[in-house]
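Visitor: When we follow this note's numbering, the leftmost residue of the sequence shown carries the number 158, and every step to the right adds one. Built from N, CA and C at the ideal position, the CB exists for glycine as well.
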Amino acid sequence: MEGRSVSLQPPGFGGREVHIPSHRSLIPTLADGCERGGAWAVWLAFDAIVVPTIRGADTLIEAGRLAAETDCPLLVLCSGHRIDSRRALSVLAEVPGLVRVTAVDYTSSHLSIEAADLLRFRTDEQPEALEGRNNDVSAKRNLALLVARMMGWEALLFLDDDVRDVPEEVRCERGGVLQRTWHALETHPAMEAVGWAFPGAREVGADPLGLSGAPRLSTSDNSMVCHAARLVGIEQDTFIGAGALAVRVGPATPFFPNVYNEDWLFLFDLVVRKAVALAGELTQLPYDPFEPPDTGFRQEFGDVLAEGLFRLLHEHGSLTDAEQVPYWRDVVAMRRALIDWILDRLQVPAARGSSKERATARRVQQRLGVARKRIRAEGLPEALAAYVRAWRQDVDTWSGVMTGLPELDHLDKALVWLGLDPHSR
158 MEGRSVSLQP PGFGGREVHI PSHRSLIPTL ADGCERGGAW AVWLAFDAIV
208 VPTIRGADTL IEAGRLAAET DCPLLVLCSG HRIDSRRALS VLAEVPGLVR
258 VTAVDYTSSH LSIEAADLLR FRTDEQPEAL EGRNNDVSAK RNLALLVARM
308 MGWEALLFLD DDVRDVPEEV RCERGGVLQR TWHALETHPA MEAVGWAFPG
358 AREVGADPLG LSGAPRLSTS DNSMVCHAAR LVGIEQDTFI GAGALAVRVG
408 PATPFFPNVY NEDWLFLFDL VVRKAVALAG ELTQLPYDPF EPPDTGFRQE
458 FGDVLAEGLF RLLHEHGSLT DAEQVPYWRD VVAMRRALID WILDRLQVPA
508 ARGSSKERAT ARRVQQRLGV ARKRIRAEGL PEALAAYVRA WRQDVDTWSG
558 VMTGLPELDH LDKALVWLGL DPHSR
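1) In three-state DSSP terms, what is Arg173?
2) May I have the straight-line CA-CA distance separating Leu454 from Gly526, to the nearest angstrom?
3) In the DSSP assignment, the beta strand (DSSP E) including Gln203 goes from what residue to what residue?
4) Based on the DSSP output, what are the partners of Asp262 in its beta bridges?
5) In its own chain, which residues sit with a C-beta less than 6 Å from the C-beta of Asp478, not counting the 5 before and 5 after it?
6) Measure the alpha-carbon distance for Cys329 versus Ala224 and round it to whole angstroms.
7) Under 9 Å, do Asp317 and Gly400 count as touching if we go by C-beta distance?
8) Would you please verify whether the beta carbon of Gly465 is less than 9 Å from any beta carbon of chain B?
9) For the region 439-453 against the region 487-494, do three or more pairs of beta-carbon atoms, one drawn from each stretch, fall closer than 8 Å, so that the two count as touching?
10) Ala411 to Asp420, Cα distance in whole Å?
11) In angstroms with no decimal places, state the Cα-to-Cα distance between Gly195 and Thr227.
12) Let's see if you can read the secondary structure: which residues bound the alpha helix (DSSP H) around Trp353?
13) Taking the DSSP output, what are the residues bridged to Ile240?
14) Just tell me which of Pro167, Pro178, Cys235, Gln283 has its CA closest to the CA of Gly465.
15) Could you pull out every residue in the same chain whose Cβ sits closer than 6 Å to the Cβ of Arg531, ignoring the five residues on either side in sequence?
16) Measuring CB to CB, does Ala518 end up less than 9 Å from Leu503?
17) Leaving out five residues before and five after Arg524 in sequence, what residues of the same chain have Cβ atoms less than 8 Å from its Cβ?
18) Name the two residues that bound the continuous alpha helix (DSSP H) containing Gly526.
19) Taking the Cβ atom as the reference point for each residue, do Ala354 and Thr395 lie within a distance shorter than 9 Å?
20) Can you look up Glu311 in the DSSP assignment and give me helix, strand or coil?
21) Going by other Cβ atoms of all chains shown within 10 Å of its Cβ, with 16 needed for buried, is Leu424 buried or exposed?
22) By a C-beta neighbour count over all protein chains shown, 10 Å radius and 16 as the cutoff for buried, is Leu374 buried or exposed?
23) With 16 as the cutoff for other CB atoms within 10 Å, does Pro414 come out buried or exposed?
24) Considering Val488, what are the terminal residues of the alpha helix (DSSP H) in which it resides?
25) Report the CB separation of Leu231 from Leu255 in whole angstroms; it is logged as a contact under 8 Å.
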């Protein structure tokens with residue numbers, strides 16, 4: 158399978174594409190041609206860079222450097238056993254020029270009664286979405302949005318702790334992109350967010366994950382199933398997400414549900430109202446998309462949900478369709494067909510390839526088997542429709558939350574109001 162240059166596409170399903178390889182056509186790309194000189198200075202216009210983190214403190218260096226170079230406040234939201242506010246501040250103290258950083262230790266049990274009530278969503282009562290999920294990034298980002306509203310902040314930059322080095326030769330170009338990002342938010346009132354994609358290997362059919370060799374790490378921001386699709390030669394792009402996302406904060410700013418692909422659900426309404434654009438592409442830390450072994454189980458509900466919602470936009474459907482079970486029966490059937498088609502493509506290398514090909518193909522087959530079992534679970538279409546109905550109720554409720562917060566004049570006060578203990582330097 159090595160060296161193939163022609164992308165493949167699974168058979169259609171009742172005249173519809175089983176797999177939509179890219180969603181980038183749904184949003185515009187920021188125009189080129191921006192002046193490069195002094196471009197980093199425009200980040201002064203952002204009220205804060207927000208980093209939700211669970212990794213070691215050393216992973217914060219990139220965000221710290223960006224905050225220092227742009228004189229932008231840095232807010233770090235820590236959780237997990239590898240990072241806490243003390244360690245975060247200690248590492249960030251070594252970043253030259255970084256003078257404004259606040260770190261907090263987040264646990265849901267420490268939230269104030271008011272904050273816990275504001276962050277209580279109907280979607281959290283949908284058990285299928287939470288099965289196998291152990292992730293607090295949605296809550297951290299929602300807390301940052303609440304802080305922004307209380308502080309009267311107009312724009313945030315969400316930056317994940319795995320965003321990594323931009324080569325020196327393109328830093329000026331990156332600055333131009335950043336300048337256009339702020340310019341888009343500043344001069345176009347309808348523009349509510351501008352984000353970056355994390356494409357990683359763009360080769361189609363060129364064995365990007367190492368089917369013919371040792372398994373390789375990936376930097377592409379895709380689900381396990383989409384990585385498997387790319388592995389067998391299916392065209393697969395990446396979309397923007399909250400890993401690097403500039404957001405204009407206002408009463409209509411959405412929230413991040415606690416589900417895999419939470420950032421796609423955050424972006425959905427912005428895409429519908431043509432209020433989001435692609436700034437460019439960045440790089441994230443490499444990872445193994447097929448580990449741990451239950452990745453397919455943990456991702457599949459949210460991945461099918463997000464892909465199904467964005468399919469609506471390609472097919473000019475309505476959210477009313479997505480609140481009904483028949484729509485999701487078709488989406489689930491197409492997902493099953495995609496997984497089965499990928500599994501079929503893996504049979505030959507799994508049986509007759511080299512030892513490395515066999516090992517890699519069989520590992521991917523096992524991971525896809527987990528996802529296949531999840532997608533064949535009884536009642537999944539009903540659960541997806543119920544989730545969409547709950548999500549739309551949450552969107553309406555959140556709009557009221559964003560307009561009913563107290564106005565505070567200091568970041569520490571806002572964090573304390575939420576029940577958090579800020580540490581600053």
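Guide: Straight from the coordinates:
1) Here the question's residue 173 lines up with position 16 in the sequence shown. Looking at Arg173 - three-state DSSP - the assignment turns out to be strand.
2) Position 297 of the sequence shown, counting from 1, holds the residue named residue 454. Position 369 of the sequence shown, counting from 1, holds the residue named residue 526. Here residue 454 is Phe; the residue named in the question, Leu, does not match the sequence. Straight-line Cα distance between these residues: approximately 9 Å.
3) To locate residue 203, count along the sequence shown from 1; it is residue 46. Reading the sequence as shown, one finds Phe at residue 203 and not Gln. Segment: none, Phe203 is in no beta strand (DSSP E) and carries neither H nor E.
4) Taking the sequence shown and counting its residues from 1, one reaches residue 262 at position 105. Note: Asp262 sits in a beta bridge opposite Cys235.
5) Here the question's residue 478 lines up with position 321 in the sequence shown. Here the set comprises Tyr484.
6) Position 172 of the sequence shown, counting from 1, holds the residue named residue 329. Position 67 of the sequence shown, counting from 1, holds the residue named residue 224. Legend: pLDDT at Cys329 = 39, less than 50; position of this residue unreliable, no value from coordinates given.
7) Numbered from 1 along the sequence shown, position 160 holds the residue referred to as residue 317. Numbered from 1 along the sequence shown, position 243 holds the residue referred to as residue 400. Contact flag set, yes.
8) Although the question refers to chain B, the structure presented lacks it and comprises just one protein chain.
9) They do not touch, by the three-pair rule.
10) The residue given as residue 411 occupies position 254 in the sequence shown. The residue given as residue 420 occupies position 263 in the sequence shown. Just to set this straight, residue 411 is Pro in the shown sequence, not Ala. Those two C-alpha atoms are separated by around 10 Å.
11) Position 38 of the sequence shown, counting from 1, holds the residue named residue 195. Position 70 of the sequence shown, counting from 1, holds the residue named residue 227. Interpretation of Gly195 is limited by its pLDDT of 31, a score under 50 that renders its predicted location unreliable; the figure taken from the coordinates is listed afterwards. Cα to Cα, Gly195 sits roughly 10 Å from Thr227.
12) For the purposes of this step, residue 353 is taken as residue 196 along the sequence shown, with counting starting at 1. Run containing Trp353: none in the alpha helix (DSSP H); it sits in the beta strand (DSSP E), 350-354.
13) As a first step, residue 240 is located in the sequence shown; it is residue number 83 there, counting from the start. Note: Ile240 sits in no beta bridge, so no partner.
14) For the purposes of this step, residue 465 is taken as the residue at position 308 of the sequence shown. It is Pro178.
15) Here residue 531 corresponds to residue number 374 of the sequence shown, with the count starting at 1. If we look at Arg531 and ignore the five residues flanking it on each side, its Cβ neighbours are Phe454, Glu457.
16) Walking along the sequence shown from the start, residue 518 turns up at place 361. Walking along the sequence shown from the start, residue 503 turns up at place 346. Yes, they are a contact pair.
17) Position 367 of the sequence shown holds residue 524. Cβ within range, chain order: Met381, Ala385, Phe447, Pro450, Thr452, Gly453.
18) One-based indexing of the sequence shown puts residue 526 at position 369. From DSSP, the alpha helix (DSSP H) with Gly526 extends over 512-532.
19) As a working mapping, residue 354 is identified with position 197 in the sequence shown. As a working mapping, residue 395 is identified with position 238 in the sequence shown. Against a cut-off of 9 Å, the Cβ pair of Thr395 and Ala354 comes out as a contact.
20) Taking the first residue of the sequence shown as position 1, residue 311 is located at position 154. DSSP places Glu311 in the coil class of the three-state scheme, outside both helix and strand.
21) Here residue 424 refers to the residue found at position 267 when the sequence shown is read from its first residue. Looking at its Cβ environment, which holds 16 or more other Cβ atoms inside 10 Å, Leu424 is buried.
22) The count along the sequence shown starts at 1 and reaches residue 374 at position 217. When all chains shown are included, Leu374 counts as exposed.
23) Locating residue 414 in the sequence shown gives position 257, where the first residue counts as 1. Pro414 comes out buried.
24) Numbered from 1 along the sequence shown, position 331 holds the residue referred to as residue 488. Residues 482-509.
25) Locating residue 231 in the sequence shown gives position 74, counting from the first residue. Locating residue 255 in the sequence shown gives position 98, counting from the first residue. Yes, they are in contact, since the Cβ atoms of Leu231 and Leu255 sit about 7 Å apart, within 8 Å.
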